[in-house]
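Residue numbers (my numbering): 12 to 154. Don't be surprised by glycine CBs; every beta carbon is placed ideally from N, CA and C. This structure is a prediction, so every number in the text was calculated from the model and none was measured. Take a look at the structure set out below.
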Ligand SMILES: [Zn+2]
């Protein structure tokens, strides 16, 4: 299970809604939970009460692997308030093994392009932010 880490990437505290509450309950428990459609079998994100592919309302929450690949990123040299840190921040698009893509942060690596190869394997971690925990990702095969 991914460990909890200090809030180094900064940013605002998420506010759960009825639709996203199971997602945020998962992150607090150290799990990445996504909805999967029972009709077509596909995972999707962000949370909503119907499948984004076939509009079925027969959907259920599942804990997923937290493994994915780095699809693209930008290095933000001037994180916006209320960022907790003035260090450059890696804002990344990660594609999970299960298919959905998340806009997230890459942590635990110097924010330099030579350290951030596209298609690198990443693993979710959870960063405490206020009363919530947000999913961030670490590289798992960098050298
Ligand atoms: Zn579906």
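Quiz item: Going along the chain, which residues of its own chain have a beta-carbon closer than 6 Å to the beta-carbon of residue 69, five neighbours each way excluded?
Solution: Taken in chain order, the residues that qualify are 49, 50.
Quiz item: When the Cα of residue 64 is compared with those of 110, 44, 80, which residue comes out closest?
Solution: Residue 110 holds the alpha-carbon nearest to the alpha-carbon of residue 64 among 110, 44, 80.
Quiz item: For residue 48, which residues does DSSP report across the bridge?
Solution: Bridge partners of residue 48: 70.
Quiz item: Candidates 25, 81, 128: which alpha carbon is nearest residue 113's?
Solution: Among 25, 81, 128, the Cα nearest to that of residue 113 belongs to 81.
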